[in-house]
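**Q** Below is one structure. I have some questions about it.
Number of protein chains: 2
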Amino acid sequence: MKECIGKVPGLAVILVGDRRDSQTYVRNKIKACEEAGIKSVMAELPNYCAEDDVMTAVLKFNEDPSVHGVLVQLPLPEHLDEEKILNVLSLEKDVDGFHPVNMGNLAMRGREPLFIPCTPKGCLELLIRSGVEIAGKKAVVIGRSNIVGLPISLLLQRHHATVSIVHACTKNPEQITREADIVVTAAGVPNLIRSSWLKQGSVVIDVGTCPIEDPSSEFGYRLVGDVCYEEALRVASAVTPVPGGVGPMTIAMLLCNTLDSAKRVYGFA
Amino acid sequence: MKECIGKVPGLAVILVGDRRDSQTYVRNKIKACEEAGIKSVMAELPNYCAEDDVMTAVLKFNEDPSVHGVLVQLPLPEHLDEEKILNVLSLEKDVDGFHPVNMGNLAMRGREPLFIPCTPKGCLELLIRSGVEIAGKKAVVIGRSNIVGLPISLLLQRHHATVSIVHACTKNPEQITREADIVVTAAGVPNLIRSSWLKQGSVVIDVGTCPIEDPSSEFGYRLVGDVCYEEALRVASAVTPVPGGVGPMTIAMLLCNTLDSAKRVYGFA
Chain A
171 MKECIGKVPG LAVILVGDRR DSQTYVRNKI KACEEAGIKS VMAELPNYCA EDDVMTAVLK
231 FNEDPSVHGV LVQLPLPEHL DEEKILNVLS LEKDVDGFHP VNMGNLAMRG REPLFIPCTP
291 KGCLELLIRS GVEIAGKKAV VIGRSNIVGL PISLLLQRHH ATVSIVHACT KNPEQITREA
351 DIVVTAAGVP NLIRSSWLKQ GSVVIDVGTC PIEDPSSEFG YRLVGDVCYE EALRVASAVT
411 PVPGGVGPMT IAMLLCNTLD SAKRVYGFA
Chain B
171 MKECIGKVPG LAVILVGDRR DSQTYVRNKI KACEEAGIKS VMAELPNYCA EDDVMTAVLK
231 FNEDPSVHGV LVQLPLPEHL DEEKILNVLS LEKDVDGFHP VNMGNLAMRG REPLFIPCTP
291 KGCLELLIRS GVEIAGKKAV VIGRSNIVGL PISLLLQRHH ATVSIVHACT KNPEQITREA
351 DIVVTAAGVP NLIRSSWLKQ GSVVIDVGTC PIEDPSSEFG YRLVGDVCYE EALRVASAVT
411 PVPGGVGPMT IAMLLCNTLD SAKRVYGFA
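So, in structure tokens, the structure goes:
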């Protein structure tokens, strides 16, 4: 793209506050942009900034023609209205796919969202590239967050899986999960998924990322998933590790969405 | 409302073509408006009208301050682009709740759609008024249409049920359905649900409406549901009949959404 039309895709990241995990995620995203030749700009705001400051940052990037994707790193500090902030984000730059219009179009048959949220898109890519059949298979999604559980369930349904959504109110989640051919878990509960939760030969995607204190690690903590990995390996036919499984795919899909957005703007096929 | 502020709610219905079932539905909606004191206006367009004619009708009602709800009776004839037409419908008058923003906000936790689609809202109302517990219960939704299956699954999930969605690609739908405490079926397949599909004591809501030729009926046909009613009654603790079950509730919710819309416009609490 750079060689053909002299333009590069641009991603803007807005980070509010000092959550360690958010800082790690943002750092990794910026680094991936550099490696891929995507221009990245970042706005860092303090924990106790005003809502208007975040809005102003979003609006500035909305207007900037060199920016094709705008990402507000979630979760935001509690005093900020996430809905209000995400609603001002330009639909055409919503590379995270969290705008209600994108979510509605992801949910509805026959519609196409402009962007599919990165983590769900990464999970699907993992399944498809690994040759896992999805249509007609029983899939269980554990967790129903707006950023992972909900869109992954909608996306699996789009690919014709029979989807069940398990959450904190579910009775006997273990029994329901044990019936699944495909398990995607995003509960944020370390070691929730033991071997007894899994059907022989199932495919397990672990989206859980819970920061655990670890003084031996470079940043003083490490991320652990929902799945008891060693146990799961004995039963499942495939299990994604944490870290190194869904995380890198999420970042790859973010770059992919940003590139798609730039292509759309420049009419570059 | 009429007595207090001299205004009545207004509903506009757009009917394209001559589908018998659509004509029946529209007739029933208009009649219900009359009974409830809601002003109704109707635009009837021929089967082979141009897309622009439908768009013009929608835009006219969007602008009309005496109209608080606009409803395009679905399905539209195949040559018309349903998405394009529904997208021009004013979000504030989308009493059917089919706009992607409404659907996205229905799907997302912590968000509130302006309108909940009428049939799903009617199903929920039936469950709640009948004292059926939803939170933590296993619910199976059969069918994943944009107008029933999808929004009912999102709505049941909002009420903390553990939801599984069964559709044409599902293997062993009977077995999955038999595990459900609550079954909502919108497949449009007469007598699909036999007693063997149901758990003892389950609650069954039949949204199926399939027109069947019947010369003895006033209009030459009658509507039948998805559920083999007599069989289901022997196993389930409650079954909605067709007709007379979900249909009237759908209409009641349409009036309710129209009234809510008018209240919102006039700031009438």
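Respectively, the protein sequence lines represent chains A and B. Reading the first sequence from the start, the letters are residues 171 to 439 in this note's numbering. Reading the second sequence from the start, the letters are residues 171 to 439 in this note's numbering. We put the CB at the ideal spot given by N, CA and C, even for glycine.
What number of angstroms, rounded off, separates the C-alpha of L229 of chain A from the C-alpha of I255 of chain A?
**A** Working through the first sequence from its first residue, we reach residue 229 of chain A at position 59. Working through the first sequence from its first residue, we reach residue 255 of chain A at position 85. One C-alpha to the other measures close to 10 Å.
**Q** Considering only their Cβ atoms, is the gap separating L276 of chain A from L241 of chain A smaller than 8 Å?
**A** Locating residue 241 of chain A in the first sequence gives position 71, where the first residue counts as 1. Locating residue 276 of chain A in the first sequence gives position 106, where the first residue counts as 1. Taking 8 Å as the Cβ cut-off, L241 of chain A and L276 of chain A do not qualify as a contacting pair.
**Q** Do you know how far the Cα of R281 of chain B is from the Cα of G319 of chain A?
**A** Position 149 of the first sequence, counting from 1, holds the residue named residue 319 of chain A. Position 111 of the second sequence, counting from 1, holds the residue named residue 281 of chain B. If you take the alpha carbons of G319 of chain A and R281 of chain B, they lie about 16 Å apart.
**Q** Distance check for G187 of chain B and Y271 of chain A, CA to CA, integer angstroms please.
**A** What you label residue 271 of chain A is simply residue 101 of the first sequence in a count that begins at 1. What you label residue 187 of chain B is simply residue 17 of the second sequence in a count that begins at 1. Residue 271 of chain A is actually Val in this sequence, not Tyr. So the alpha carbons of these two residues sit roughly 29 Å apart.
**Q** By DSSP's criteria, L261 of chain B is part of a beta bridge. Which residues make up the other side?
**A** Along the second sequence, one-based indexing puts residue 261 of chain B at 91. Answer is none; L261 of chain B lacks a bridge partner.
**Q** Going by DSSP, name the residue or residues bridged to R392 of chain B.
**A** Translated into the one-based positions of the second sequence, residue 392 of chain B becomes position 222. Answer is B:I382, bridged to R392 of chain B.
**Q** In the stretch 330-364 of chain B, which residue ranges form an unbroken beta strand (DSSP E) of at least 3 residues, counting only runs that do not cross its ends?
**A** Unbroken beta strand (DSSP E) stretches of 3 residues or longer found wholly inside the stretch 330-364 of chain B: 332-336, 352-355, given in chain order.
**Q** For E295 of chain B, would you say it is in contact with chain A, using Cβ-to-Cβ distances shorter than 8 Å as the test?
**A** Counting from 1 along the second sequence, the entry for residue 295 of chain B is found at position 125. Not an interface residue.
**Q** Counting only C-beta atoms, is N427 of chain A closer than 8 Å to chain B at any point?
**A** One-based indexing of the first sequence puts residue 427 of chain A at position 257. Judged by the 8 Å Cβ criterion, N427 of chain A is not in contact with chain B.
**Q** Count the CB pairs spanning the stretch 181-196 of chain B and the stretch 206-223 of chain B that are closer than 8 Å, and state whether there are at least three.
**A** Contact holds: three or more Cβ-Cβ distances are below 8 Å.
**Q** Measuring only between beta-carbons, confirm whether H330 of chain A sits less than 8 Å from chain B.
**A** Position 160 of the first sequence, counted from the first residue, corresponds to residue 330 of chain A. Judged by the 8 Å Cβ criterion, H330 of chain A is in contact with chain B.
**Q** Take I312 of chain A and list the residues in its own chain whose beta-carbon comes closer than 6 Å to its own, dropping the five residues that flank it on each side.
**A** Residue mapping note: residue 312 of chain A aligns to position 142 of the first sequence, counting from 1. Cβ within range, chain order: V336, T355, A357.
**Q** Near I175 of chain A, what residues of its chain come up, given a Cβ to Cβ distance below 8 Å and the 5 sequence neighbours on each side ignored?
**A** Against the first sequence, residue 175 of chain A aligns to sequence position 5. Answer for I175 of chain A: Y436, F438, listed in chain order.
**Q** Would you give the residue range spanned by the alpha helix (DSSP H) that V435 of chain B belongs to?
**A** Within the second sequence, the letter at position 265 stands for residue 435 of chain B. Taken as a continuous stretch (DSSP letters only), the alpha helix (DSSP H) holding V435 of chain B covers 416-436.
**Q** May I have a chain-ordered list of the alpha helix (DSSP H) segments no shorter than 4 residues that lie completely inside the stretch 180-228 of chain B?
**A** 190-206
**Q** Judging by CA-CA distance, which residue of A:R392, A:V409, A:P321 is the nearest neighbour of V353 of chain A?
**A** Locating residue 353 of chain A in the first sequence gives position 183, where the first residue counts as 1. Checked all of A:R392, A:V409, A:P321; the closest Cα to V353 of chain A is A:V409.
**Q** Using a cut-off of 7 Å between C-beta atoms, extract the partners of A439 of chain A located in chain B.
**A** As a first step, residue 439 of chain A must be located in the first sequence, where it is residue number 269. Contacts between A439 of chain A and chain B, judged by CB atoms closer than 7 Å, are missing: the closest CB pair is about 23 Å apart.
**Q** If the criterion is Cβ atoms closer than 8 Å, does the pair A202 of chain B and G292 of chain B meet it?
**A** As a working note, residue 202 of chain B is residue 32 in the second sequence. As a working note, residue 292 of chain B is residue 122 in the second sequence. Result no, Cβ atoms of A202 of chain B and G292 of chain B do not sit closer than 8 Å.
**Q** Please state if the CB of P411 of chain A and the CB of C380 of chain A are separated by a distance shorter than 8 Å.
**A** Along the first sequence, read from residue 1 onward, the residue named residue 380 of chain A stands at position 210. Along the first sequence, read from residue 1 onward, the residue named residue 411 of chain A stands at position 241. Contact flag unset, no.
**Q** Taking Cβ-Cβ distances shorter than 7 Å, what residues in chain A pair up with Q243 of chain B?
**A** If you number the second sequence from 1, residue 243 of chain B lands on position 73. Residues of chain A passing the Cβ test: none, with the nearest at roughly 18 Å.
**Q** Taking Cβ-Cβ distances shorter than 8 Å, what residues in chain A pair up with I312 of chain B?
**A** The residue given as residue 312 of chain B occupies position 142 in the second sequence. Simply none; closest approach about 11 Å.
**Q** Who are the neighbours of L185 of chain A on chain B, taking C-beta pairs under 7 Å?
**A** Taking the first residue of the first sequence as position 1, residue 185 of chain A is located at position 15. Within 7 Å Cβ-Cβ: nothing; L185 of chain A doesn't reach chain B, min ~21 Å.
**Q** Please state the DSSP three-state secondary structure of V237 of chain B.
**A** Residue 237 of chain B sits at position 67 when you count from the first residue of the second sequence. It is coil, neither helix nor strand.
**Q** Leaving out five residues before and five after K369 of chain A in sequence, what residues of the same chain have Cβ atoms less than 6 Å from its Cβ?
**A** Working through the first sequence from its first residue, we reach residue 369 of chain A at position 199. Contacts found: R348.
**Q** Using the Cα positions of D376 of chain B and F231 of chain B, report the straight-line distance between them to the nearest angstrom.
**A** Working through the second sequence from its first residue, we reach residue 376 of chain B at position 206. Working through the second sequence from its first residue, we reach residue 231 of chain B at position 61. Their backbone Cα atoms lie some 33 Å apart in a straight line.
**Q** Given this structure, state the Cα-to-Cα distance separating A338 of chain A from P247 of chain A, to the nearest angstrom.
**A** For the purposes of this step, residue 338 of chain A is identified with residue 168 of the first sequence, where counting begins at 1. For the purposes of this step, residue 247 of chain A is identified with residue 77 of the first sequence, where counting begins at 1. Each residue's Cα considered, the two are about 23 Å apart.
**Q** Using the Cα positions of A350 of chain A and K308 of chain B, report the straight-line distance between them to the nearest angstrom.
**A** Translated into the one-based positions of the first sequence, residue 350 of chain A becomes position 180. Translated into the one-based positions of the second sequence, residue 308 of chain B becomes position 138. Cα to Cα, the separation comes out at about 15 Å.
**Q** Give every residue of the same chain whose Cβ lies closer than 6 Å to the Cβ of G417 of chain A, excluding the five residues on either side of it in the sequence, and list them in chain order.
**A** Here residue 417 of chain A is taken as the residue at index 247 of the first sequence, counted from 1. Hits under 6 Å: none found.
**Q** So, is G453 of chain B buried or exposed, given that buried needs 16 or more other C-beta atoms within 10 angstroms?
**A** With chain B represented from 171 up to 439, any question about residue 453 of chain B goes unanswered, as that position is not in the structure.
**Q** Please confirm whether I346 of chain B and V405 of chain B have their CB atoms less than 8 Å apart.
**A** Position 176 of the second sequence holds residue 346 of chain B. Position 235 of the second sequence holds residue 405 of chain B. In this structure, V405 of chain B does not lie closer than 8 Å to I346 of chain B by Cβ.
**Q** Nearest to P283 of chain B by CA position, among B:P290, B:T289, B:G274, is which residue?
**A** As a first step, residue 283 of chain B is located in the second sequence; it is residue number 113 there, counting from the start. Closest option to P283 of chain B, Cα to Cα, is B:G274.
**Q** Over what stretch of residues does the beta strand (DSSP E) that includes I298 of chain B continue unbroken?
**A** If you number the second sequence from 1, residue 298 of chain B lands on position 128. Here I298 of chain B belongs to no beta strand (DSSP E); instead the alpha helix (DSSP H) covers 288-299.
**Q** Scan the stretch 297-309 of chain A for residues whose Cβ lies nearer than 9 Å to a Cβ of chain B and list them as they occur along the chain.
**A** A305, G306, K307, K308
**Q** Report yes if the C-beta distance between H249 of chain B and P179 of chain B is below 8 Å; otherwise report no.
**A** In the second sequence, the residue the question calls residue 249 of chain B occupies position 79. In the second sequence, the residue the question calls residue 179 of chain B occupies position 9. At the C-beta level, H249 of chain B and P179 of chain B stay beyond 8 Å of one another.
**Q** Distance, Cα to Cα, V394 of chain A vs V211 of chain B?
**A** If you number the first sequence from 1, residue 394 of chain A lands on position 224. If you number the second sequence from 1, residue 211 of chain B lands on position 41. The straight-line gap from Cα to Cα measures roughly 59 Å.
**Q** Just curious, the alpha helix (DSSP H) that V373 of chain B is in, first and last residue?
**A** Taking the first residue of the second sequence as position 1, residue 373 of chain B is located at position 203. It is not in any alpha helix (DSSP H) - V373 of chain B instead sits in the beta strand (DSSP E) that spans 373-376.
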